[in-house]
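Engineer: Handing you this structure, nothing more for now.
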Amino acid sequence: MLTKTAPKLLRWQRSQYSPLARQIDVFAAAGKFLFYLWWDGLLQNKSAHTRRIRAHWLVNTLLDLGPTFIKIGQSLSTRADLLPLEYVKELEQLQDRVPEFSSEEAIALVESELGKDIYTLYRDFDSFPIAAASLGQVHRARLHTGEDVVVKVQRPGLSKLFDLDVKAVYQVIRFCDRYFPWTRKYNLEAIYHEFFKILYQEIDYVQEGKNADRFGDNFQGYPRIIVPKVYWQYTTKKVITIEYAPGIKVDDRISLEAIGVDIQKLNQLGICCYLKQLLIDGFFQADPHPGNLAVTEDGSLIFYDFGMMAEVKSLAKDEMVKTFFAVLKKDTDGVLDTLIAIGLVDPMPDMMPVRRLITFLLDKFIDKPIDFQAFNEIKNELYIMFEQQPFRLPAQMMFIVKSLTTLDGIARTLDPHYNFLASAQPFVKSIAVSKGRGSALGELARQARNFITYKLQQPSKAEVFFKRLEQRIEDGELQIRVRNIESERALKRINLALKTLIFAGLTGLMLLSGAVLLVGGYKTGAIGVFALSGFGGLFMLRSLLDLLLKEQLDKIAEK
């Protein structure tokens with residue numbers, strides 16, 4: 362007779378898990394990944410296939426390490442600015458690969474938290490979850506009063522695991538800060554504190570219920586934004602019961618078009634809704650992935666998860682208002698000034714590459730779909746910025762950028778011809794005609810009216826060009842660059858040849874030293890020296906291959 366074997370427990374699901382064992386697991390995973398990256402760099406093996414293999418390994422490792430690291434991976438899945446495309450695609454799969462826990466554990470936790478038998482609390486309770494996430498899973502149920510609800514149940518032992526992970530991740534960050542100086546520019550410690558602050562809020566379902574009520578209050582009078590009702594008598598820190606509000610997944614374009622939903626209007630609704638959250642309310646859903654948003658048959662937008670919410674500080678909100686309207690005006694200097702004020706851009710001695718990139722993005726992509734071939738026009742600026750790396754991500758801006766990039770990705774999935782300006786127009790119009798009660802709304806209304814006045818009195822292209830030219834001359838940013846390409850190529854070849862010669866000399870020296878030690882009877886020392894000479898040989902071979910490849914490329918370029 363065939364029997365079904367229980368699935369193998371992952372590391373984080375062990376009942377006995379000491380802080381030391383957890384730190385060893387986390388350091389081992391981080392060390393292995395860094396070794397893979399170092400080895401690939403050593404062998405110059407950076408093909409798309411290799412990156413896919415490494416990304417697949419990383420996803421499986423994050424799943425094995427548990428909820429904290431699954432959340433980190435899900436956050437990184439929206440950071441195409443930091444990670445190669447192969448990693449982003451693999452990390453996106455984390456949302457659908459989170460293992461569920463048993464219905465017996467879920468029911469036991471509900472009964473323990475609410476203090477009653479499951480069928481005393483609910484008329485019906487579906488033992489099979491309709492969704493599983495990194496922090497919990499969702500079951501359908503029906504109250505004795507007849508309302509259909511969903512019950513979200515937290516993973517058992519989650520708080521204890523988070524306490525272990527806070528220490529383990531902090532040790533990894535301290536290690537990176539001490540031994541990898543290049544990581545300091547990312548201010549990992551500030552991002553760590555912000556991440557865990559919001560993560561601890563996310564596992565408090567009472568706080569999630571309060572967030573849902575606050576979010577619902579902000580959208581009273583907006584019938585096309587649906588916020589499910591929280592049933593407080595069936596809610597604790599580890600269990601939350603909310604109204605059942607079914608809908609179609611927000612990125613399921615085929616299903617939405619099949620029921621007649623207007624995709625352009627849906628994008629308008631989503632963009633305007635988030636602009637209101639960020640620029641008026643200062644309170645926004647920080648995790649707007651497709652699993653947390655759905656669409657009804659009449660095109661209304663349903664918000665589900667209110668665990669990961671964030672607030673925009675008043676100063677940042679004022680700067681974001683200015684940035685938003687500077688983007689609408691395609692005002693490069695205005696955008697750059699506000700990005701520097703927010704902390705997203707570090708001032709550099711030569712701001713020309715950054716200014717050119719912003720101008721390029723404003724001209725090409727604000728009111729048009731993205732065309733990646735167009736980036737060839739500014740490849741020199743992109744190269745300079747990869748070297749100087751002027752862009753930063755302050756901790757307080759991390760979730761704002763994450764939300765906006767995720768939402769933009771959803772909008773472009775739904776409509777390849779998505780136009781941000783067109784989608785934002787209803788929001789601008791509604792603000793412009795408002796009476797501007799309150800300081801935030803007053804500032805918004807003033808900026809909106811200024812924008813409309815600007816559009817009516819918009820200068821000609823020639824005036825804009827001469828104004829930009831004059832500003833660049835004043836700033837001393839117009840430079841004449843003279844490059845002798847042949848000399849640069851020759852110097853690079855000489856540099857590679859010298860490196861090869863040095864590695865060859867060191868390898869030969871170690872081989873001779875190993876031979877002397879071997880003759881002298883020091884076998885252990887000889888083996889060690891021979892091993893070092895082997896590594897030296899690898900470096901020499903790599904340098905020699907680089908030199909040969911460089912010479913061939915230069916010959917092709919000179920033809």
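Everything in the sequence shown is counted per our numbering, starting at 362 for the first residue and increasing by one.
Glycine residues also receive a C-beta, built at the ideal position from the N, C-alpha and C atoms.
Small disclaimer: the values here were computed from a predicted structure and weren't measured.
How is Thr602 classed by DSSP in three states: helix, strand or coil?
Structural biologist: DSSP places Thr602 in strand when its eight states are reduced to three.
Engineer: How many Å lie between Ala467 and Gly392 at the Cα?
Structural biologist: Distance between the alpha carbons of Ala467 and Gly392 is about 35 angstroms.
Engineer: Select from Tyr605, Gly869, Val533, Val762 the residue whose C-alpha is nearest the C-alpha of Asp386.
Structural biologist: Nearest of Tyr605, Gly869, Val533, Val762 to Asp386, Cα basis: Val533.
Engineer: Measuring only the C-alpha atoms, how far is Phe733 from Leu722?
Structural biologist: Low confidence applies here, because Phe733 scores a pLDDT of 44, under 50, leaving its location unreliable and the question unanswered by this model.
Engineer: Give every residue of the same chain whose Cβ lies closer than 7 angstroms to the Cβ of Pro380, excluding the five residues on either side of it in the sequence, and list them in chain order.
Structural biologist: So the list reads Leu525, Lys528, once near-sequence residues are dropped.
Engineer: Only counting runs of 3 or more residues, tell me where the beta strand (DSSP E) segments fall wholly within the region 668–725, in order along the chain.
Structural biologist: Entirely contained in the region 668–725, the beta strand (DSSP E) runs reaching 3 residues are, in chain order, 670–672.
Engineer: With distances taken from CA atoms, which of Leu639, Leu873, Lys911 is nearest Ile855?
Structural biologist: Minimum Cα distance to Ile855 is reached at Lys911.
Engineer: At which residues does the beta strand (DSSP E) containing Ile564 begin and terminate?
Structural biologist: Run containing Ile564: none; DSSP gives neither H nor E here.
Engineer: How about the region 488–503 and the region 426–433: do they share at least three Cβ pairs that are nearer than 8 angstroms?
Structural biologist: Touching, yes.
Engineer: State the Cα-Cα distance for the pair Asp623 and Gly660, rounded to the nearest angstrom.
Structural biologist: Cα-Cα distance, rounded: 7 angstroms.
Engineer: Roughly how many angstroms lie between the CA atoms of His650 and Val762, to the nearest whole one?
Structural biologist: His650 and Val762: Cα-Cα distance of roughly 13 angstroms.
Engineer: Within its chain, find whatever has a CB closer than 7 angstroms to the CB of Tyr531; leave out the 5 residues flanking it on each side and keep chain order.
Structural biologist: Cβ within range, chain order: Tyr553.
Engineer: Let me know the secondary structure DSSP gives Val789 once reduced to three states.
Structural biologist: In this structure, Val789 counts as helix in the three-state DSSP scheme.
Engineer: Output the distance between the C-alpha atoms of Phe645 and Val600, rounded to the nearest integer angstrom.
Structural biologist: Each residue's Cα considered, the two are about 23 angstroms apart.
Engineer: Does the structure place the region 636–643 close enough to the region 410–423 that three or more beta carbon pairs sit under 8 angstroms?
Structural biologist: Touching, no.
Engineer: Under the DSSP definition of a beta bridge, which residues are partnered with Gln498?
Structural biologist: Answer is Ala493, Val514, bridged to Gln498.
Engineer: Cα-Cα, which of Leu549, Ile632, Tyr595 is closest to Ile586?
Structural biologist: When only C-alpha atoms are compared, the closest one is Ile632.
Engineer: The alpha helix (DSSP H) spanning Gln435 covers which residue range?
Structural biologist: Looking at the DSSP string, the run of the alpha helix (DSSP H) that includes Gln435 is 428–437.
Engineer: For Arg516, which residues in the same chain have their Cβ closer than 7 angstroms to its Cβ, ignoring the five residues on either side in sequence?
Structural biologist: Closer than 7 angstroms at Cβ, skipping near neighbours: Pro428, Phe462, Leu496, Gly497.
Engineer: For Lys590, does the three-state DSSP call read helix, strand or coil?
Structural biologist: Reduced to three states, the DSSP call for Lys590 is coil.
Engineer: Could you name the residues of the same chain whose beta carbon sits closer than 6 angstroms to that of Lys513, not counting the 5 residues immediately before and after it, in chain order?
Structural biologist: Same-chain partners within the cutoff: Gly497, Val499, Ile601.
Engineer: Just the C-alpha distance for Phe394 and Leu452, rounded to the nearest angstrom, thanks.
Structural biologist: Spanning the two alpha carbons is a distance of roughly 15 angstroms.
Engineer: Judging by CA-CA distance, which residue of Gly507, Phe900, Arg535, Arg575 is the nearest neighbour of Tyr605?
Structural biologist: With distances taken between Cα atoms, Tyr605 lies closest to Gly507.
Engineer: Helix, strand or coil: which one does DSSP assign to Phe896?
Structural biologist: Phe896 falls in the helix class under three-state DSSP.
Engineer: What is the DSSP secondary structure of Phe939, reduced to helix, strand or coil?
Structural biologist: Residue 939 is absent from the structure shown; the chain starts at 362 and stops at 920.
Engineer: Please classify Arg501 as buried or exposed, where buried requires at least 16 other C-beta atoms within 10 Å of its C-beta.
Structural biologist: Answer is buried; the Cβ neighbour count reaches 16.
Engineer: Span of the beta strand (DSSP E) holding Leu662?
Structural biologist: Note, Leu662: beta strand (DSSP E), 662–664.
Engineer: What would DSSP say about Ser904, mapped onto helix, strand or coil?
Structural biologist: In the structure shown, Ser904 sits in a helix (DSSP, three-state: H, G or I).
Engineer: Going by the beta-carbon positions, is the gap between Ala865 and Met901 smaller than 7 angstroms?
Structural biologist: It is a contact, given that the beta carbons lie within the stated cut-off.
Engineer: Taking Asp666 as the reference, give the member of Val511, Ala390, Gly770 with the closest Cα.
Structural biologist: Nearest of Val511, Ala390, Gly770 to Asp666, Cα basis: Val511.
Engineer: If we require 4 or more residues per run, which alpha helix (DSSP H) segments fall completely within the region 604–654?
Structural biologist: Runs of the alpha helix (DSSP H) inside the region 604–654: 614–619, 624–637.
Engineer: Between Ser464 and Ala573, what straight-line distance do the alpha-carbon atoms span, to the nearest angstrom?
Structural biologist: Distance between the alpha carbons of Ser464 and Ala573: 26 angstroms.
Engineer: Quick check on Gln629: buried or exposed, where buried means 16 or more other Cβ atoms within 10 Å of its Cβ?
Structural biologist: Under this definition Gln629 is a buried residue.
Engineer: Within a Cβ cutoff of 7 angstroms, which residues of the same chain sit near Thr544, ignoring the five residues on either side of it in sequence?
Structural biologist: The answer, listed in chain order, is Cys537, Asp538.
Engineer: Whole-angstrom Cβ separation of Val588 and Phe685, contact assumed at under 8 angstroms?
Structural biologist: Not confirmed; about 24 angstroms, so no contact.
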